[in-house]
Every structure is written in C-alpha cells, then in structure tokens.
Amino acid sequence: MSAKKVNKIGVLTSGGDAPGMNAAIRAVVRTSIHHGLEVFGIMRGYNGMVDDDIFQMDSRSVANIIQRGGTILKTARSKEFFEPEGRKKAYENLKKRGIDGLVIIGGDGSFRGAQKFSNEFDIPCIGLPGTIDKDIAGSDFTIGFDTAVNTAIDAIDKIRDTMDAHDRLFLVEVMGRDAGYIALHSGIATGAENILIPESRTDIEALIYNLTEKEKRKKLVNLVVVAEGDEFGGANELGKVLKERLPQADIRVCILGHIQRGGSPSGLDRLIASHMGYHAVEALVAGRRNEMIGIVNNAVHYTPLDKAIKEKQNIGEEWMKIVKILAS
Ligand code: F6P
Numbered sequence: 166m167s168a169k170k171v172n173k174i175g176v177l178t179s180g181g182d183a184p185g186m187n188a189a190i191r192a193v194v195r196t197s198i199h200h201g202l203e204v205f206g207i208m209r210g211y212n213g214m215v216d217d218d219i220f221q222m223d224s225r226s227v228a229n230i231i232q233r234g235g236t237i238l239k240t241a242r243s244k245e246f247f248e249p250e251g252r253k254k255a256y257e258n259l260k261k262r263g264i265d266g267l268v269i270i271g272g273d274g275s276f277r278g279a280q281k282f283s284n285e286f287d288i289p290c291i292g293l294p295g296t297i298d299k300d301i302a303g304s305d306f307t308i309g310f311d312t313a314v315n316t317a318i319d320a321i322d323k324i325r326d327t328m329d330a331h332d333r334l335f336l337v338e339v340m341g342r343d344a345g346y347i348a349l350h351s352g353i354a355t356g357a358e359n360i361l362i363p364e365s366r367t368d369i370e371a372l373i374y375n376l377t378e379k380e381k382r383k384k385l386v387n388l389v390v391v392a393e394g395d396e397f398g399g400a401n402e403l404g405k406v407l408k409e410r411l412p413q414a415d416i417r418v419c420i421l422g423h424i425q426r427g428g429s430p431s432g433l434d435r436l437i438a439s440h441m442g443y444h445a446v447e448a449l450v451a452g453r454r455n456e457m458i459g460i461v462n463n464a465v466h467y468t469p470l471d472k473a474i475k476e477k478q479n480i481g482e483e484w485m486k487i488v489k490i491l492a493s
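If you're matching positions, the sequence shown starts at 166 in our numbering and goes up one per residue.
See the structure below:
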C-alpha cells in the first residue's frame, strides 16, 4: 500500500448501468469536496479518459440525482482502453489535469481495466461494485441489485395474475449473464415453482417430471424463473423444449430484459451506494489503492481488485433446497 497523497480524483461509471450509480457519484463528489480535493467527472466510462471528455464537478453538479436511475456520467464498454495506446492516451489526459486517483463504478470488466491501468501508470484506483447481477465477490450487495430484484418481483407479480387466470405455465427470464442471483431472489420472493440458474446444472428431465407431477395433482399454474445465463439457453430455448414435451400445457414465455436495469433506485441501493462512495474517497485519502469497496455484514470491506475480478459469489445448495420445499 502506498501513502502517495491524492489531490484530484476522477470518477467514472463503466459497463452496464445500474440503479444507484448516481447516488455513488454524488457521494464520491461530496466526500472529495469535504476533504478539499478537486473532483472530475469522466464521461462514458473509460472512453471519456481516452477522448478527454472530462469536466470538473462541484456539489451542485450532483444535486437532485440520488433518486435517478441510469448514470449522469453515462457509461460504455470501451474497446480502445483495452489497447495499450488507448490507455496511454487516457493517462496523458489525466496527467494534464493532475488527476491522481480514480473511482471506478462498474463490474468485473471495469475492474480489469482499472487494475491494468493502475499497474502501468501508478494511478491508485478504487472500485465500487455497480452491477445489477451481483456477480462479484467481496460484497453482500452490489449497487443496483436490490432495485433490479424489486423490478423483477413487481413484473412477476403482475404476470402471476394473468397466469393464474388462465391456468398457465409461465417461463420468465430475468437478467444475469453469469450469475443467478436476480433469478434466485426474485423467484423466491414470487413463489416460483422452479428457478434455473447458471450456478446449478439444469436437469431438464427432472423439470419435466416435476411439472408433470404437478399437473397430475391439478396444479396447473406454474412459474419457472430462468436466469438468462442458464446453461440450457434461456427461457425461449426452454419454452421450445417444454412445448414439445408437454403439449397439453398452456405455456407462455416472458423476457423481462432491460427494464431491470432502469428505474429509481431502492432505498437499500441509495444507502449502500452512498456508503461505498464515501468510503471510496476515504480509501484514496488513506493511501489505499487497487481495492474494491464492498459491504459485508453491514461493515465496509476491502477486496483487492484482482481478487474481485476472479471470484464470484457462491449460491449455497441450501437455497435450491428451500426453493423445492416452498414450491411443493
Ligand atoms: O449489467 C449486466 C447485464 O445486465 C447482464 O445481465 C446482461 O447480460 C447484460 O448486462 C446486457 O447488457 P447490454 O445489453 O448493455 O449489453
């Protein structure tokens, strides 16, 4: 850990947006100002560093944003930054303003970029986990996850009304490219009969057996929540197979898609984003570098960026057992 003093902080959002990113930006800006530091907003993720789309922020720049979804700094997945020339250009643009510390709000891809950049140019970087997928180790929550789960719950509750009215089997696909957390949480909270996630193998024969059994017991209303990254291929793929194998069932598929990424952040997301944003600046001021700020058991938790990049959160076997028992 270096004790290099930070004077000017740059903040950016990168990768998929997540509700609560604005609350995190606000906390970073206001905590920096509290410490007498200058703070700069970098537009469109790392692209803004490469293209020199950087502007100085003050307390007023982040007024009235805590309740807004999306990100006022916009976001992108930068191809140029992953090339050495792109990172060199980015460094020059930071250097000419004297920016000597970065806060990166994003997911594992964004942290990979931060880690590389920091190693090459000796700029301390602090990451905040901003992703609806909750697919990063080192934090009980990621910014945006709670809002996305609540959005999915709201949508699935509505689907349940119409599903119940028609005695249908519904396959609802939620986001989660590599992680089943949105599916698990929204599925349990809406009483899903089955939840399919990338972390556990999908046994299609067992699913068909289970649905047939339920049909025999005259349980015709069945909800299957599928994570988009489930190895079977998502709700559309599953729908095709089930329509063939269960021709008597009245099956519908609904893909919730990007509505899960938008909307006003939940109270929890505003709170953790504010907490993490505050600690990101405190960490830079204390000379910490290349760590992700998380919250574990209600307390701030530091994870080296390279560990946060490599590790995912595990979904314990017990959860899948609970799903089975509660859905009988
Ligand atoms: O933010 C993560 C995520 O929501 C994934 O679950 C999903 O696969 C991906 O983003 C889609 O992102 P985009 O449409 O922006 O490429």
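Yeah, the Cβ is synthetic: ideal placement off N, Cα and C, and Gly gets one too.
Counting along the chain, H466 sits inside the beta strand (DSSP E) bounded by residues A464 to P469. Relative to the ligand F6P, the nearest heavy atom lies less than 8 Å away from the CB of I297. According to the DSSP assignment, A400 belongs to no beta strand (DSSP E) but to the alpha helix (DSSP H) extending over G399 to R410. It is roughly 50 Å from the alpha-carbon of K408 to the alpha-carbon of F282. Distance check between F220 and each of N229, G234 and I264 places I264 closest, using alpha-carbon atoms only. Sequence-distant Cβ neighbours of I198 in its own chain, meaning closer than 8 Å and more than five residues away, are V204, D223 and S224. Counting along the chain, no alpha helix (DSSP H) covers E364, and no H or E run does either. Closer than 8 Å to some heavy atom of the ligand F6P: that describes the Cβ of R342. When Cβ pairs closer than 8 Å are counted between the two stretches, the region 291–305 is seen to touch the region 335–347, the count reaching three or more. Burial is judged here by how many other beta carbons sit within 10 angstroms of a residue's own beta carbon; A438 has at least 16 and is buried. Bridge pairing for F205: G175 and Q221 [DSSP]. Rounded to the nearest angstrom, the Cβ distance from L293 to A189 is 5 Å, consistent with a contact under 8 Å.
Contact annotation, I416 with G404: C-beta distance approximately 6 Å; criterion of less than 8 Å satisfied.
Taking all protein chains shown into account, V227 has 16 or more neighbouring C-beta atoms within 10 Å of its C-beta and is therefore buried. Assigned with DSSP and collapsed to three states, G251 falls in helix.
DSSP places F286 inside the alpha helix (DSSP H), whose first and last residues are D273 to F286. The DSSP-derived three-state label of V268 is strand.
Straight through space, the alpha carbons of N359 and L372 are spaced by roughly 8 Å. The alpha helix (DSSP H) runs of length 4 or more contained entirely in the region 307–358 are, from start to end of the chain, 310–331 and 346–354. In terms of CA proximity to Q425, A183 leads the group T178, A183 and K170. DSSP places N187 in the uninterrupted alpha helix (DSSP H) bounded by M186 to H199. For the ligand F6P, a non-hydrogen atom lies closer than 8 Å to the CB of E393. Listed in chain order, the non-local C-beta contacts of E338 below 6 Å within the same chain comprise V391, E393, G399, A400 and I420, local neighbours out to five positions each way being set aside. N455 sits in coil when the DSSP states are folded into three classes, being neither helix nor strand. Here E456 is buried, its C-beta having at least 16 other C-beta atoms within 10 Å. Bridge pairing for L388: F335 [DSSP].
A distance criterion of 8 Å places the beta-carbon of G234 beyond contact range of the ligand F6P, judged by its closest non-hydrogen atom.
Rounded to whole angstroms, A241 and I174 show a C-alpha spacing of 20 Å. With the rule of 3 Cβ pairs closer than 8 Å, the region 345–355 counts as touching the region 317–337. The count of Cβ pairs closer than 8 Å, one atom from the region 321–333 and one from the region 377–386, reaches three, so the stretches are in contact. When beta bridges are read from the DSSP output, V418 appears opposite L336.
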